[in-house]
Each structure stands twice: as C-alpha cells, then as structure tokens.
Amino acid sequence: MAKYLLLKHYRGAPAAVNDVPMDQWEPEEVSAHVRFMQDFAARLESTGEFVDAQALSPEGTFVRYDGEGRPPVTDGPFPETKDLIAGWMVIDVDSYDRALELAAELSAAPGAGGKPIHEWLEVRPFMSEPPTVTE
Numbered sequence: 003m004a005k006y007l008l009l010k011h012y013r014g015a016p017a018a019v020n021d022v023p024m025d026q027w028e029p030e031e032v033s034a035h036v037r038f039m040q041d042f043a044a045r046l047e048s049t050g051e052f053v054d055a056q057a058l059s060p061e062g063t064f065v066r067y068d069g070e071g072r073p074p075v076t077d078g079p080f081p082e083t084k085d086l087i088a089g090w091m092v093i094d095v096d097s098y099d100r101a102l103e104l105a106a107e108l109s110a111a112p113g114a115g116g117k118p119i120h121e122w123l124e125v126r127p128f129m130s131e132p133p134t135v136t137e
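First residue of the sequence shown? That's 3 in this note's numbering, and the numbers climb one at a time after it.
Printed below as a string of structure tokens:
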C-alpha cells in the first residue's frame, strides 16, 4: 500500500470544465458537492483506502522563524501566490494507477448547476522513509 495526497486547488491548477467559483454556487449546489465528497470518503473508508480529508478556507498566513526570542514573521492574511489549496484527501492504495483512478472520479464532484466540475486534482505520493537497519 502507498499513500497519496489528492490536492484540490482554489487557484493555481488548470481551469476546470465547470469553472464557477464555489462562492457563486447556490446553497443546494454546495450541499450536493459536500455530500458527494462525504459519500466518496465513506466508500473509500469501507475499502480501507481512506486516510483523511479536509477542506481549507481560502484565508491563510505564511509564518517563518526570525530568530531566538523574536516573534514569528508573518505575511498575510492572504498569501501572495498564484496557488491556493482548497483541501485534500489522503488515500492509501495498492498502486499509482489506483490513485489516478480515484483522483479522476473525485474530479467529477458536482458543482454549479449540479454538473460535474471536472477539476484538475494534483496527485502527490508520500515520500517513503528508508528502511531502518538494526544489527
């Protein structure tokens, strides 16, 4: 089994087919989208392929260390970036092909007008740790 991160983007990915921002959807369209995501996660939970999923707010702040005893340096509340993550799902699957299959299915979540978004999802494998050698 290998873990993959399926990243959903507010912006930064190629435009979706049904490219209407969620803040312009009707309340029932948002509900249908959330229900699709929950049903998808529940199905993967039943097969043992679901690990975690979270939606993220578009607001955020970059923080960095600025030295001992000094307050952290912040830049925000809106990051100056062309890419902004909307949320993620972590899956644990048998193969890269299975990760792609699930990402493609997830990209068909309903959006504006109840039509599939056909959004681009980023599929990122988790880095594996080298084996621990004990003697």
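Where is the CB? At the ideal position from N, CA and C, for every residue including glycine.
These numbers come from a predicted model, not from an experiment.
Within the same chain, and ignoring the five residues on either side of residue 101 in sequence, the residues whose Cβ sits closer than 8 Å to its Cβ are 4, 6, 8, 93, 95, 125 and 127. Annotated three-state conformation of residue 63 is coil, per DSSP. Beta-bridge partners assigned by DSSP to residue 90: 9 and 56. The Cβ neighbour count for residue 51, taken over all protein chains shown within 10 Å, is at least 16; the residue is labelled buried.
With distances taken between CA atoms, residue 103 lies nearest to 46 out of 24, 40 and 46. Put simply, the backbone Cα of residue 118 is about 48 Å away from that of residue 69. Each of 16, 35 and 19 was checked against the Cα of residue 25, and the nearest Cα belongs to 35.
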